[in-house]
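For reference, the structure discussed in these notes is given below.
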Amino acid sequence: MLSQKVAQQSLRRLAVQQPYAMRWTLMNAASPAAVAMGRNVQMIQTRFAATNTKTSDPTKILAEQRLRRPVAPHLTIYRPQITWLMSGLNRITGLMLSGPLYLFATAYLAAPLFGWHLESASLAAAFAALPLAAQLSFKTFFALPFTYHSFNGLRHLMWDAGRGITNKQVIQTGWAVVGVSVVSALWLAFL
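502 is the number of the first residue of the sequence shown in this note's numbering; add one for each residue after it.
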């Protein structure tokens, strides 16, 4: 009983002298009487920020912490694999094919306004006037991305059907797409 009276008196003095401190104490700590009687109110655990005594500027502390963070793996660490090389190449060939198509379609629609002749006959005559090496390189330049993107698209459709998605099959079909694309592009170029 004596300890309870002492605790009450000390809390009353604290309330009269510093009313806000009293409120803070009651909210964040159990009274000594509650501790003595075993009826602890739940203590709120506070965690103090670890600060460096050298610097008190939060931006400097954050900069120091960033210097000690581990570095995330970068593409320069990994050995190139056919799966991610072919994925990137599929996107690049899609851009290589769609970009000129949109440019030509826009030019074809604007041709009558500017007096350009983009009809099939004039394009075929202009292409026939090129040297043979230029014709082959032009045809190969467009045939290789076309065949690669087409065959790799079929490969992706096969994956969508749930076929050939093990690591070994993905690598095998990747090299098969590369081989078939090169052979068919050369066949189209020499056609």
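A virtual CB, placed ideally from N, CA and C, is assigned to each residue, including glycine.
Remember, predicted model here, so these are calculated numbers, not experimental data.
Query                                                                                                                                                  : Result
Compute the Euclidean distance between the alpha carbons of Leu-563 and Ile-583, then round it to the nearest angstrom.                                : 40 Å
Is the number of C-beta pairs between the region 656-664 and the region 596-611 that are closer than 8 Å three or more?                                : no
Buried or exposed: Ser-682, going by 16 or more other Cβ atoms within 10 Å of its Cβ?                                                                  : buried
For a minimum of 4 consecutive residues, which ranges assigned as the alpha helix (DSSP H) are wholly contained in the region 585-658?                 : 621-629
Using the three-state DSSP reduction, which class does Val-542 fall into: helix, strand or coil?                                                       : Unreliable positioning characterises Val-542 in this predicted model, as indicated by a pLDDT of 48, which lies under 50. A coordinate reading is not provided.
Locate the alpha helix (DSSP H) running through Arg-567, then write down its first and last residues.                                                  : 559-568
Taking Cβ to Cβ, would you say His-657 is nearer than 8 Å to Leu-598?                                                                                  : no
Straight-line CA distance for Phe-639 to Ala-686?                                                                                                      : 12 Å
So, at 6 Å on beta carbons, what are the nonlocal neighbours of Thr-594 in its own chain, with the 5 sequence-adjacent residues on each side left out? : Pro-646, Tyr-649 and His-650
Cβ atoms of Asn-591 and Asn-693: under 8 Å apart, would you say?                                                                                       : Nothing about residue 693 can be read from this structure; the chain reaches only from 502 to 692.
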